[in-house]
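Student:
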Amino acid sequence: QVQLVQSGAAVRRPGTSVKVSCKSSGYTFTSHSVSWVRQAPGHGLEWMGWISGYNGQVSYAQKFHDRVTITSDASTATSYLELRSLTPDDTAVYYCARVNLTMAFDFWGQGSLVSVSS
Amino acid sequence: EIVMTQTPATLSVSPGETVTLSCRASQNVRSDVAWFQHKPGQAPRLLIYHSSMRASDIPERFSGSGSGTEFTLTISSLQSEDFGVYYCQQFNNWPPEYSFGQGTKLDI
């Protein structure tokens, strides 16, 4: 069965960075893309970026394009989200999601809580 | 950036009722719209993709429609487990860019 398993919760100081991992299993990693979405407390879902599992091509939301990097390692079927220059407003649950062939987010990771506080 | 606007923000309903949630795109997104259900402490769940296609294992009481800039999600014969926040989402361009609506909270 398709599964996406994310790294655990992280606590960071403002100005630092965080890297969240998302390990995929149960499907051919290079045949699908992965997207990253976050939800801050009291807010809705916010799309952050997308990476092709086939060739590593990326697309970022304009809001994050200067401080986010999404990468993937096909040898371990793992995607990564790195967010830099953290502020308390980056406190959120971060999700990865598999993108199916119709471009829909059909399977999701369990979420990773990132807390930013001094 | 394409902005997705959902109405209403909150809806209070009773089991057995039928409810329609609306989503408007700021520009033409063809039929590239999906709907998700999100409950506290859980990952979002894909309900509808390509405007009207039900995802795997989604009950027939969930249906979607629309194209261009106007989209709706209809839930018939509401059940108590249908509470949560519902989001519409669009994608466009290549490589793809996505955006979510702000959500409609369904109180059963």
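For the protein sequence lines, the chains are A and B, in the order given.
With this note's numbering as the guide, the letters of the first sequence map in order to residues 1 to 118.
With this note's numbering as the guide, the letters of the second sequence map in order to residues 1 to 108.
Glycine is no exception: its CB is placed at the ideal position from the N, C-alpha and C atoms.
Could you name the residues of the same chain whose beta carbon sits closer than 7 Å to that of A:P88, not counting the 5 residues immediately before and after it, in chain order?
Tutor: The count along the first sequence starts at 1 and reaches residue 88 of chain A at position 88. Within the same chain, A:P88 has close Cβ partners P14, V116, S117.
Student: Answer yes if the segment 11-19 of chain B comes into contact with the segment 18-30 of chain A, meaning at least three C-beta pairs across the two stretches below 8 Å, and no otherwise.
Tutor: No, the segment 18-30 of chain A is not in contact with the segment 11-19 of chain B.
Student: In this structure, how does DSSP classify B:E17 when only helix, strand and coil are distinguished?
Tutor: Taking the second sequence and counting its residues from 1, one reaches residue 17 of chain B at position 17. Correct three-state label for B:E17: coil.
Student: Below 8 Å, how does it come out for the segment 93-113 of chain A and the segment 32-47 of chain B: are there three or more Cβ pairs, yes or no?
Tutor: Touching, per the Cβ criterion.
Student: Are A:V114 and A:Y95 close, meaning C-beta to C-beta below 8 Å?
Tutor: As a position in the first sequence, residue 114 of chain A is number 114, starting the count at 1. As a position in the first sequence, residue 95 of chain A is number 95, starting the count at 1. No.
Student: Please state the DSSP three-state secondary structure of B:S52.
Tutor: Indexing the second sequence from 1 puts residue 52 of chain B at position 52. Reduced to three states, the DSSP call for B:S52 is coil.
Student: In chain order, what residues of the same chain have a beta carbon less than 8 Å from the beta carbon of B:S26, not counting five sequence neighbours either side?
Tutor: What you label residue 26 of chain B is simply residue 26 of the second sequence in a count that begins at 1. Closer than 8 Å at the Cβ level, and outside the excluded window around B:S26, lie I2, V3, M4, T5, T69.
Student: Under 8 Å between C-beta atoms, does A:A77 make it to chain B?
Tutor: Numbered from 1 along the first sequence, position 77 holds the residue referred to as residue 77 of chain A. It does not; no Cβ of chain B falls within 8 Å.
Student: Please decide whether A:A104 counts as near chain B, where near means a Cβ-Cβ distance under 8 Å.
Tutor: In the first sequence, residue 104 of chain A corresponds to position 104, counting from 1. For A:A104, the answer is yes, since a Cβ of chain B falls inside 8 Å of its Cβ.
Student: Identify the residues that DSSP records as bridge partners of B:F100: which are they?
Tutor: Walking along the second sequence from the start, residue 100 of chain B turns up at place 100. B:Q89, per the DSSP bridge assignment.
Student: Please name the residues in the segment 91-107 of chain B whose beta-carbon is closer than 7 Å to at least one beta-carbon of chain A, in chain order.
Tutor: If the cut-off is 7 Å between Cβ atoms, the segment 91-107 of chain B has F91, P95, P96, E97, Y98, S99, F100, Q102, G103 near chain A.
Student: I need the boundaries of the beta strand (DSSP E) containing A:Y54, first residue and last residue.
Tutor: Locating residue 54 of chain A in the first sequence gives position 54, where the first residue counts as 1. Note, A:Y54: premise wrong, no beta strand (DSSP E); not H, not E.
Student: Name the DSSP bridge partner or partners of B:E1?
Tutor: Sequence index remark: in the second sequence, residue 1 of chain B carries index 1 (1-based). Answer by DSSP bridge pairing: none, since B:E1 is not bridged.
Student: With a threshold of 7 Å on Cβ separation, who are the neighbours of A:D90 within its own chain once the five nearest residues in sequence on each side are excluded?
Tutor: Stepping through the first sequence from its first residue, residue 90 of chain A is reached at position 90. The residues are L83, V114, V116.
Student: Looking at chain A, which residues of the segment 41-63 of chain B have a Cβ within less than 7 Å of any of its Cβ atoms?
Tutor: Answer set for the segment 41-63 of chain B: A43, P44, L46, Y49, H50, A55.
Student: Cβ closer than 9 Å: which chain B residues qualify as neighbours of A:S59?
Tutor: Locating residue 59 of chain A in the first sequence gives position 59, counting from the first residue. Here the neighbours are N93, W94, P95, P96, E97, Y98.
Student: To the nearest angstrom, how far is it from the Cα of B:R54 to the Cα of B:G64?
Tutor: Taking the first residue of the second sequence as position 1, residue 54 of chain B is located at position 54. Taking the first residue of the second sequence as position 1, residue 64 of chain B is located at position 64. Those two C-alpha atoms are separated by around 8 Å.
Student: Using three-state DSSP, classify A:T30 as helix, strand or coil.
Tutor: Here residue 30 of chain A refers to the residue found at position 30 when the first sequence is read from its first residue. Of the three classes helix, strand and coil, the one that applies to A:T30 here is helix, per DSSP.
Student: Could you tell me whether any Cβ in chain A is nearer than 8 Å to the Cβ of B:A9?
Tutor: Taking the second sequence and counting its residues from 1, one reaches residue 9 of chain B at position 9. Answer no: the Cβ-Cβ gap between B:A9 and chain A never drops below 8 Å.
Student: If you draw a straight line from the alpha carbon of B:T7 to that of A:N100, how long is it in whole angstroms?
Tutor: Here residue 7 of chain B refers to the residue found at position 7 when the second sequence is read from its first residue. Here residue 100 of chain A refers to the residue found at position 100 when the first sequence is read from its first residue. Roughly 27 Å between the two C-alpha positions.
Student: For a contact meaning CB atoms closer than 8 Å, what does B:A34 contact in chain A?
Tutor: The count along the second sequence starts at 1 and reaches residue 34 of chain B at position 34. Within chain A, the residues near B:A34 are A104, F105.
Student: For B:Y87, would you say it is in contact with chain A, using Cβ-to-Cβ distances shorter than 8 Å as the test?
Tutor: Taking the first residue of the second sequence as 1, we reach residue 87 of chain B at position 87. Closer than 8 Å: yes.
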